[in-house]
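Protein chains: 2
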Amino acid sequence: MATIKDVAAQAGVSPSTVSRVLADSPRISQETKERVRQVLNQLDYHPNAFARSLVTNVAGAIGVLIPPGTEFFQNPFFSEMMSGVAEVARSQGYDIVLSTSASDEMKVLDRMIRGRRVDGILLLRSRTKDPAIQTVIDQRFPAVLLGRPPADQPISCVNNDNVKAAYEATNHLIRIGHRKIGFLGGDTAYVVTADRLKGYRQALLDHGMEPDERLEVFSYLVEHGGYLGMMRLLAASARPTAVLASDDVLAFGAMRAAGELGYQLPDDMAIVGFNDIRLAELANPALTSVRVNMHDLGVAACELLVERIQKPASLPTERLVPTELVVRNSCGAKKFPTNVLSV
Amino acid sequence: MATIKDVAAQAGVSPSTVSRVLADSPRISQETKERVRQVLNQLDYHPNAFARSLVTNVAGAIGVLIPPGTEFFQNPFFSEMMSGVAEVARSQGYDIVLSTSASDEMKVLDRMIRGRRVDGILLLRSRTKDPAIQTVIDQRFPAVLLGRPPADQPISCVNNDNVKAAYEATNHLIRIGHRKIGFLGGDTAYVVTADRLKGYRQALLDHGMEPDERLEVFSYLVEHGGYLGMMRLLAASARPTAVLASDDVLAFGAMRAAGELGYQLPDDMAIVGFNDIRLAELANPALTSVRVNMHDLGVAACELLVERIQKPASLPTERLVPTELVVRNSCGAKKFPTNVLSV
DNA sequence: CTGAAAGCGCTAACAC
DNA sequence: GTGTTAGCGCTTTCAG
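As they're listed, the protein sequences go chains A and B.
Letter 89 of the first sequence, counting from 1, is numbered 89 in the UniProt record's numbering, and no numbers are missing.
Letter 264 of the second sequence, counting from 1, is numbered 264 in the UniProt record's numbering, and no numbers are missing.
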């Protein structure tokens, strides 16, 4: 494996000259550059990333802190969002380091930021009590939160207006005639769940309905969680005629549960999801869903992160990605053409 | 940011002693360890990953070379497979570096392996002419291919028996009465497409049918590609009554196309997919699909990779992950209970 | 059981 | 325009 010294020797120059050629420094003569470049090629030289990082203190990579557990990976949200992140990362010359925390998220975070493996970090899930957020703030480490900081902490973030989106989605259900509307959410510890729940409740209140806790269930964020949650909802004495699920994956589970119990969608039961994953359109019936623009979220998050890496002193910014309710057949909107209602 | 020297000074020992404590060397007395550890904590010391890597020549990370384009990210196969990879990587203490190649895959590969950013690399897609494979072999760089090497090159790989799986799936369609069966594949440059095509053709031949190239279409590996491909198949003069799609995503596109043109599934058209992604079960009708066990593929691939990193001299091994045909309603198997036929 | 010293491969003053 | 030198933070002989 050729080092910079080998190249220098071969080209009859000093290592620093080679280093300068690599950086295309203007202070090197054209002929020297030519000569060195030839040797570079001939020896098939590749700089050692660690040596360079050690001295420059830049890693050339951004970290993505994956929440513990595998359900995040399994959610199509993850890959769609990551495709946006990857797009930006690539164009800006950053690698992506996935954290793969087992359980001790904070240890992983420490390793990443204190170990200087990455130049910035993307936090993927904000919880109402989230030590990771405070850590990056305390360490003044470039970071972007995908979601909303629970307590208005000064951190750059990319989010949807989840309260409003859930409000509009619930409104839609009310508008088409539903009066008993259930809420099927992920863990309440997630800010996103809380926000969507809030919008849902507000819509009920604004239409003179009292939110009913028996119609609010929360479960593990996988299809099976949605299935179980829906079973609970259907068993409730005040059985809902419609359900707002805070994730399409939950909505699919809910659809399966309803189907197994003999409910006809959308006649006996309306369901609305969140995210508008690709397969929402292909479900039976096609799932009405709030499009959160997952790819755009990833793009925006990575852009913001690169910005913070490059000017760490700049003030944290928030970016809202617009949502839209995509109405399909799962919510009894058969009478409506499949269309898109802007939120 | 505390360095090893700071710790050494504070603890009244030499840097090498601290280093030994970090490595839990048996040559250090218990009391010294205690004392140093206390300072380690007090100063909240975290080793600089680059400095360590520079001297040890281990990166503590495995690379995943993502094929150019975003369609790979968007395929649920990716995230399911990655969840398996992440699981193993985490348990073995490796980070995951995603490559994010734009177009020039080889440059990225070079950067990764020659730049020593990663200890081993996972190649995600094998093409009939694949320079990446030859490169890792030539460089003797620890690598595992997800798929089959096109030309029996000596590289560790994890794969399904795709020929057999496609053979069985096609057999199933024949068994339930189909005689005109189409094939809807991804790019023919992918080995996996070729293998599945081969199995499909062989099944036809073994039942006295002649493969008909007009019934074989190949397209971009996204839902829309499946949609377009299906349009082509349906327009063929020898219109098929059944289609084997080499990916569920293609199958979903095909279902949409068939639906839009007024075909009733499964009565007018049978469709079988590959992968058995989570939502296959939820489509309308539920999609019959070859379960390839994506998560297991990821687990096996990462295990093999770790093995190669740890004993690079060992011979390359191949690991086959079994498949099974999961029969659902999309292939006219209504009369069958939903069940699983082992392959 | 511990310390001193060298060096991993690179960059960045500082000279000339 | 180019070379010399020091040093990034760590591990690892080699001494003792």
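Beta carbons are placed, not taken as given, at the ideal position from N, Cα and C, and that holds for glycine.
Looking only at its chain, what residues have a beta carbon closer than 7 Å to the beta carbon of Lys33 (chain B), apart from the 5 residues adjacent to it on each side? For the purposes of this step, residue 33 (chain B) is taken as residue 33 along the second sequence, with counting starting at 1. These residues qualify, in order along the chain: Val21.
Cα-Cα separation between Val58 (chain B) and Ile277 (chain A), rounded to whole angstroms: Position 58 of the second sequence holds residue 58 (chain B). Position 277 of the first sequence holds residue 277 (chain A). Each residue's Cα considered, the two are about 39 Å apart.
Starting from the N-terminal side, write out each stretch of the beta strand (DSSP E) that is 3 residues or longer and does not extend beyond the region 213-277 of chain A. Within the region 213-277 of chain A, the complete beta strand (DSSP E) segments at least 3 residues long are 216-218, 242-245, 270-275, listed from N- to C-terminus.
I'd like to know if Ile96 (chain A) contacts chain B, where contact means its C-beta is closer than 7 Å to some C-beta of that chain. Mapped onto the first sequence, residue 96 (chain A) falls at position 96. Ile96 (chain A) counts as touching chain B.
Endpoints, beta strand (DSSP E) assigned at Ile62 (chain A): Position 62 of the first sequence, counting from 1, holds the residue named residue 62 (chain A). Unbroken beta strand (DSSP E) run through Ile62 (chain A): 61-65.
Grab the span of the alpha helix (DSSP H) containing Ser19 (chain A) for me, first residue to last. One-based indexing of the first sequence puts residue 19 (chain A) at position 19. Where Ser19 (chain A) is concerned, the enclosing alpha helix (DSSP H) stretches over 15-22.
Alpha carbon to alpha carbon, what distance is there between Pro150 (chain B) and Leu173 (chain A)? Taking the first residue of the first sequence as 1, we reach residue 173 (chain A) at position 173. Taking the first residue of the second sequence as 1, we reach residue 150 (chain B) at position 150. Leu173 (chain A) and Pro150 (chain B): Cα-Cα distance of roughly 54 Å.
Would you check if the distance between the CB atom of Gly273 (chain A) and the CB atom of Ala235 (chain A) is smaller than 7 Å? On the first sequence, residue 273 (chain A) is found 273 positions in, with the first residue counted as 1. On the first sequence, residue 235 (chain A) is found 235 positions in, with the first residue counted as 1. Contact flag unset, no.
Quick check on DSSP: helix, strand or coil for Ile96 (chain A)? Position 96 of the first sequence, counted from the first residue, corresponds to residue 96 (chain A). If DSSP states are grouped into helix, strand and coil, Ile96 (chain A) belongs with the strands.
With a threshold of 8 Å, are at least 3 pairs of Cβ atoms found where one atom belongs to the region 256-272 of chain B and the other to the region 250-265 of chain A? no
For Ile66 (chain B) and Thr100 (chain B), believed in contact at Cβ under 8 Å, the rounded distance: Walking along the second sequence from the start, residue 100 (chain B) turns up at place 100. Walking along the second sequence from the start, residue 66 (chain B) turns up at place 66. Rounded, the Cβ-Cβ distance is 6 Å, consistent with contact.
Beta-carbon of Ser19 (chain A) versus every beta-carbon of chain B: anything under 7 Å? Taking the first sequence and counting its residues from 1, the one referred to as residue 19 (chain A) is at position 19. No - not a single Cβ of chain B is within 7 Å of the one on Ser19 (chain A).
Within 7 Å, strictly: CB atoms of Gly115 (chain A) and Pro142 (chain A): As a working mapping, residue 115 (chain A) is identified with position 115 in the first sequence. As a working mapping, residue 142 (chain A) is identified with position 142 in the first sequence. It is not a contact, given that the beta carbons lie outside the stated cut-off.
Separation of Thr56 (chain B) from Leu98 (chain B), as counted between CA atoms: Along the second sequence, read from residue 1 onward, the residue named residue 98 (chain B) stands at position 98. Along the second sequence, read from residue 1 onward, the residue named residue 56 (chain B) stands at position 56. Those two C-alpha atoms are separated by around 22 Å.
Can you tell me whether Asn41 (chain B) is helix, strand or coil according to DSSP? Taking the second sequence and counting its residues from 1, the one referred to as residue 41 (chain B) is at position 41. Correct three-state label for Asn41 (chain B): helix.
Can you find a C-beta in chain B that's less than 7 Å from the C-beta of His46 (chain A)? Locating residue 46 (chain A) in the first sequence gives position 46, where the first residue counts as 1. Yes, because at least one Cβ of chain B sits closer than 7 Å to the Cβ of His46 (chain A).
Residues near Asn329 (chain A) in its chain [Cβ-Cβ closer than 7 Å; skip 5 each side]: As a first step, residue 329 (chain A) is located in the first sequence; it is residue number 329 there, counting from the start. For Asn329 (chain A), where only same-chain residues beyond five positions count, the Cβ hits under 7 Å are Pro266, Pro285, Ala286.
Partners in chain B for Gly115 (chain A), counting only beta-carbon separations shorter than 7 Å: Residue numbering aside, residue 115 (chain A) sits at position 115 when the first sequence is read from its first letter. Going along chain B in sequence order, the residues near Gly115 (chain A) (Cβ under 7 Å) are His46, Pro47, Asn48, Ala49.
Thr288 (chain A), DSSP secondary structure in three states: On the first sequence, residue 288 (chain A) is found 288 positions in, with the first residue counted as 1. Strand, per DSSP.
Proximity test, Cβ basis, 7 Å: Ser330 (chain B) and chain A: As a working mapping, residue 330 (chain B) is identified with position 330 in the second sequence. So no, Ser330 (chain B) is outside the interface.
Buried versus exposed call for Thr317 (chain B) [16 or more other C-beta atoms within 10 Å across all chains shown]: On the second sequence, position 317 is the one that residue 317 (chain B) refers to. By the 10 Å Cβ count, Thr317 (chain B) comes out exposed.
Tell me the DSSP secondary structure of Arg116 (chain B) in three-state form. The count along the second sequence starts at 1 and reaches residue 116 (chain B) at position 116. Coil.
Nearest-angstrom Cα distance between Ile4 (chain B) and Met82 (chain B)? Within the second sequence, the letter at position 4 stands for residue 4 (chain B). Within the second sequence, the letter at position 82 stands for residue 82 (chain B). Answer to the nearest angstrom: the Cα atoms are 35 Å apart.
To be precise: take each residue of the region 213-232 of chain B, compare its Cβ to all Cβ atoms of chain A, and keep it if any distance is under 7 Å. Which residues remain? Glu223
Is the CB-CB distance between Leu146 (chain A) and Ile155 (chain A) below 7 Å? Here residue 146 (chain A) corresponds to residue number 146 of the first sequence, with the count starting at 1. Here residue 155 (chain A) corresponds to residue number 155 of the first sequence, with the count starting at 1. Against a cut-off of 7 Å, the Cβ pair of Ile155 (chain A) and Leu146 (chain A) comes out as no contact.
In angstroms with no decimal places, state the Cα-to-Cα distance between Val36 (chain A) and Ser289 (chain B). Counting from 1 along the first sequence, the entry for residue 36 (chain A) is found at position 36. Counting from 1 along the second sequence, the entry for residue 289 (chain B) is found at position 289. If you take the alpha carbons of Val36 (chain A) and Ser289 (chain B), they lie about 56 Å apart.
Compare the Cα-Cα distances from Asp152 (chain A) to each of A:Gly84, A:Ala203, A:Met112, A:Lys129 and report the closest residue. In the first sequence, counting from the first residue as 1, residue 152 (chain A) sits at position 152. Asp152 (chain A) has its Cα closest to that of A:Lys129, out of A:Gly84, A:Ala203, A:Met112, A:Lys129.
So which residues on chain B does Arg256 (chain A) lean against when the C-beta distance must stay under 9 Å? Here residue 256 (chain A) refers to the residue found at position 256 of the first sequence. Within chain B, the residues near Arg256 (chain A) are Glu281, Leu282.
If we ignore side chains and look at the alpha-carbon of each, how far apart do Thr135 (chain B) and Gly69 (chain B) end up? As a working note, residue 135 (chain B) is residue 135 in the second sequence. As a working note, residue 69 (chain B) is residue 69 in the second sequence. When rounded, the distance between both Cα atoms is 21 Å.
Partner residues on chain B for residue 403 (chain A), Cβ-Cβ distance less than 9 Å: The structure shown has nothing for residue 403 (chain A), since chain A only spans 1 to 343.
Going along the region 188-209 of chain B in order, which residues come within less than 8 Å of chain A, judged by CB to CB distance? none
What do you get for Gln74 (chain B), buried or exposed, if any count of 16 or more other CB atoms within 10 angstroms of its CB means buried? Within the second sequence, residue 74 (chain B) is the residue found at index 74, counting from 1. Classification of Gln74 (chain B): buried, given that the 10 Å Cβ count is 16 or more.
Chain-ordered chain B contacts of Ser53 (chain A) [CB-CB under 8 Å]: The residue you call residue 53 (chain A) lines up with position 53 of the first sequence. Within chain B, the residues near Ser53 (chain A) are Phe50.
Between the region 74-89 of chain B and chain A, which residues of the former have CB atoms less than 8 Å from a CB of the latter, in chain order? Residues Gln74, Asn75, Pro76, Phe78, Ser79, Glu80, Met82, Ser83, Ala86, Glu87, Ala89.
Can you check which of these residues, A:Arg117, A:Val39, A:Met1, A:Asp187, is closest to Gly226 (chain A) by C-alpha distance? Reading the first sequence from its first residue, position 226 is the one you call residue 226 (chain A). Checked all of A:Arg117, A:Val39, A:Met1, A:Asp187; the closest Cα to Gly226 (chain A) is A:Asp187.
Could you give the first and the last residue of the continuous alpha helix (DSSP H) run that contains Ile174 (chain A)? As a working note, residue 174 (chain A) is residue 174 in the first sequence. Counting along the chain, the alpha helix (DSSP H) containing Ile174 (chain A) begins and ends at 162-175.
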